[in-house]
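Residue 409 in the numbering used here sits at position 335 of the sequence shown; the count goes up by one each step and never skips.
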Amino acid sequence: MENELQNKIDIKSLLLSELEEYMESIGDKKFRAKQIYDWLHNKLVSSYDEMTNLSKKLIERLEKDTELINLEVVDKKVSEIDGTAKFLFKLKDGNIIESVLMKYKHGNSVCISSQVGCSMGCKFCASTIGGRIRNLSPSEFLDQIYKIQKLTGERVSNVVIMGSGEPFDNFDNFIRFLDLIVSENGLNISQRNITVSTCGLVDKIYKLADMKPQLTLAISLHATTDEKRRELMPIANKYSISEILEACEYFLDKSNRRITFEYSLVQGVNDNIDDAKALSKLLKGMLCHVNLIPINPIKERSYARTQNEQVNAFRNCLEKHGINATIRREMGQDIQAACGQLRKSYIENV
Ligand code: SAH
């Protein structure tokens, strides 16, 4: 994991085995790697000076060879309604990303970003308006969780990769991040407590199914015909709904893990009862669950939110047809917790 700009090793993105190789390559003891890994991924320190069991000489060497990625909090907003906290982080190159901490009865969940911006172009989404600026490194995925845990003192038990960006468009870094976060020498979060959301990059669904089948896969479907989906999501020009569903069947075959389909309800576009019937038909017989997300309107588009009554009718129709469905509980509505909104307003105001 070389940092392209400075050619330094991005140490927080290294697996323990790679850190061991590095220690041996500089003529040091292999066991030191475990100590350093523990400081980075368990004790969550931000500097080498805090690693009190390392010699001064080794610290100097580490400072010369490596770069220690630390996100800097530039804003934090806490919802007065439900305690949801949104964090804006500044990256080394000045880019801004956002992450959200949600507190549930079953534990704390952090929603992280996977890219700065996004190139997928979904019409209702604020994250994609300025396009994709760059991919996040594995260390930048991780440090969103680490810093939130440090800042709040709250143990994070669940991770959702559902913030800004398309994780499957940054697949290798996403996979490396997973290897690090599930490591028993790090935060040791079980794959089963991790959910990744994709707009449906079919080739990567197959790839993930072959690699990490114990995660929860969430698919942003949002429409029941390819024609309607193309209106909302440019990725629908590349992959059809039937190709996505076939890939989901493959994932299910490998994992036996229930798939989540996200369906953002846009007034007058995809929220009709006939849409609900069509959705039930598409998903019939599949081990899955539908998460309805009443759209969070963004100022750049004229899409409107479906009325609550219609949202309930949509859900009831799915349930009547045997499809398990929930309405996404709105967390942090008072703090612009929807995808990319806080980042955008921050950038616009500085
Ligand atoms: N790129 C991934 C993850 C990011 S978005 C994906 O497409 O799944 C997480 C979910 O929020 C997606 O289902 C996305 O379509 C949805 N979303 C984005 N902006 C929204 C908005 N303004 N209102 C409702 N849902 C939105």
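Each residue gets a CB set at the ideal place from its N, CA and C atoms; glycine is no exception.
My output table needs one value for Glu240: the three-state DSSP class, helix, strand or coil.
Indexing the sequence shown from 1 puts residue 240 at position 166. Glu240: coil per DSSP, three-state reduction.
Can you pull the DSSP bridge partners for Phe335?
As a working mapping, residue 335 is identified with position 261 in the sequence shown. Phe335 is bridged to Ile293 and Val364.
For the ligand SAH, I want to know if Ile367 counts as a neighbour, meaning its beta carbon is within less than 7 Å of at least one of the ligand's heavy atoms.
Numbered from 1 along the sequence shown, position 293 holds the residue referred to as residue 367. Yes - the ligand SAH has a heavy atom lying nearer than 7 Å to the Cβ of Ile367.
Can you give the Cα-Cα distance for Arg304 and Ala297, rounded to whole angstroms?
For this step, residue 304 is matched to residue 230 along the sequence shown. For this step, residue 297 is matched to residue 223 along the sequence shown. Roughly 9 Å separates the two Cα atoms.
Which residues in the same chain as Lys286 place their Cβ atom closer than 8 Å to its Cβ, once the five residues preceding and following it in sequence are excluded?
Position 212 of the sequence shown holds residue 286. Answer for Lys286: Ile249, Leu252 and Gln265, listed in chain order.
What do you get for Ala378, buried or exposed, if any count of 16 or more other CB atoms within 10 angstroms of its CB means buried?
In the sequence shown, counting from the first residue as 1, residue 378 sits at position 304. Exposed, since its Cβ has fewer than 16 Cβ neighbours within 10 Å.
Near Cys273, what residues of its chain come up, given a Cβ to Cβ distance below 7 Å and the 5 sequence neighbours on each side ignored?
Here residue 273 refers to the residue found at position 199 when the sequence shown is read from its first residue. Excluding sequence neighbours, Cys273 sits near Met194, Cys196, Glu240, Ser294, Met307 and Ile309.
Say the cut is 7 Å; is the CB of Asn198 nearer than that to a heavy atom of the ligand SAH?
Numbered from its first residue, the sequence shown carries residue 198 at position 124. For clarity, residue 198 is Phe in the given sequence; the question names Asn instead. Yes, since a heavy atom of the ligand SAH falls inside the 7 Å radius drawn around the Cβ of Phe198.
Ignoring anything shorter than 4 residues or poking outside the segment 108-140, list the alpha helix (DSSP H) runs there in chain order.
130-139
Backbone CA spacing between Leu114 and Leu142 [nearest angstrom]
The residue you call residue 114 lines up with position 40 of the sequence shown. The residue you call residue 142 lines up with position 68 of the sequence shown. Answer to the nearest angstrom: the Cα atoms are 9 Å apart.
Tell me whether Thr269, by its Cβ, gets closer than 7 Å to a heavy atom of the ligand SAH.
Mapped onto the sequence shown, residue 269 falls at position 195. No, the beta carbon of Thr269 sits no closer than 7 Å to any heavy atom of the ligand SAH.
Tell me whether the segment 140-155 and the segment 213-230 touch, counting them as touching only if at least three CB pairs, one residue from each stretch, are closer than 8 Å.
yes
Return yes when the Cβ of Thr380 is within less than 8 Å of the Cβ of Pro371, no when it is not.
Here residue 371 is taken as the residue at index 297 of the sequence shown, counted from 1. Here residue 380 is taken as the residue at index 306 of the sequence shown, counted from 1. Cβ distance not < 8 Å, so Pro371 and Thr380 don't count as in contact.
Suppose you measure from the CA of Val494 to the CA of Cys185; what does that come to, to the nearest Å?
With the chain represented from 75 up to 424, any question about residue 494 goes unanswered, as that position is not in the structure.
Could you check the C-alpha separation between Glu172 and Gln223 for me, to the nearest Å?
If you number the sequence shown from 1, residue 172 lands on position 98. If you number the sequence shown from 1, residue 223 lands on position 149. Using only the alpha carbons, I get a separation of about 15 Å.
The ligand SAH heavy atoms versus the CB of Asn247: any closer than 7 Å?
The residue given as residue 247 occupies position 173 in the sequence shown. Checking the Cβ of Asn247 against the ligand SAH gives no.
Relative to the alpha-carbon of Ile401, which residue among Phe388, Met97, Phe198 and Lys394 has its alpha-carbon at the smallest distance?
In the sequence shown, residue 401 corresponds to position 327, counting from 1. It is Phe388 whose Cα lies nearest to the Cα of Ile401.
Confirm the yes/no value for this check: CB of Thr380, any heavy atom of the ligand SAH, distance under 7 Å.
As a working mapping, residue 380 is identified with position 306 in the sequence shown. Checking the Cβ of Thr380 against the ligand SAH gives no.
What's the gap between the Cα of Gln341 and the Cα of Leu366?
One-based indexing of the sequence shown puts residue 341 at position 267. One-based indexing of the sequence shown puts residue 366 at position 292. Looking at the two C-alpha atoms, the distance is approximately 13 Å.
Return the Cβ separation of Leu339 and Val385 in integer angstroms, given the expectation that the two are a contact with Cβ distance under 8 Å.
Locating residue 339 in the sequence shown gives position 265, counting from the first residue. Locating residue 385 in the sequence shown gives position 311, counting from the first residue. That pair is a contact at about 6 Å.
For Gln218, three-class secondary structure by DSSP
Here residue 218 is taken as the residue at index 144 of the sequence shown, counted from 1. Reduced to three states, the DSSP call for Gln218 is helix.
Backbone secondary structure at Cys185 - three-state DSSP
Taking the sequence shown and counting its residues from 1, one reaches residue 185 at position 111. Three-state DSSP puts Cys185 in a strand.
Taking contact to mean at least 3 C-beta pairs separated by less than 8 Å, is the segment 227-239 in contact with the segment 175-184?
yes
Does the beta-carbon of Ile110 have 16 or more other beta-carbons within 10 angstroms, so that it is buried, or is it exposed?
As a position in the sequence shown, residue 110 is number 36, starting the count at 1. Buried.
For the candidate residues Ile219, Asp243, His180 and Ser183, whose alpha-carbon lies nearest to that of Asn209?
Counting from one through the sequence shown, the residue named residue 209 turns up at place 135. Minimum Cα distance to Asn209 is reached at Asp243.
Distance, Cα to Cα, Ala107 vs Leu128?
Here residue 107 refers to the residue found at position 33 of the sequence shown. Here residue 128 refers to the residue found at position 54 of the sequence shown. About 11 Å.
Which residue spans inside the segment 146-187 form an unbroken beta strand (DSSP E) run of at least 3?
146-152, 159-164, 170-178 and 181-185
Could you spell out where the alpha helix (DSSP H) holding Arg208 opens and where it closes?
Your numbering for residue 208 matches position 134 in the sequence shown. Segment Arg206 to Asn209 is the beta strand (DSSP E) holding Arg208; no alpha helix (DSSP H) there.
Spatial neighbours of Asp300 within its chain, please: CB distance less than 8 Å, with the 5 preceding and 5 following residues excluded, ordered by chain position.
Counted from its first residue, the sequence shown places residue 300 at position 226. Result list for Asp300: Ala310, Ser314 and Ile315, in chain order.
Pull the bridge partners of Thr380 from the DSSP assignment, please.
By one-based count along the sequence shown, residue 380 stands at place 306. For Thr380, which the question treats as bridged, DSSP gives no partner whatsoever.
Leaving aside the five residues before and after Arg375 along the sequence, list all residues of the same chain whose C-beta is less than 7 Å from its C-beta, in chain order.
On the sequence shown, position 301 is the one that residue 375 refers to. Correct list, in chain order: Lys197 and Phe198.
Answer yes or no: does any C-beta atom of chain D fall closer than 8 Å to that of Lys221?
Annotation note: the requested chain D is absent from the structure, which comprises a single protein chain.
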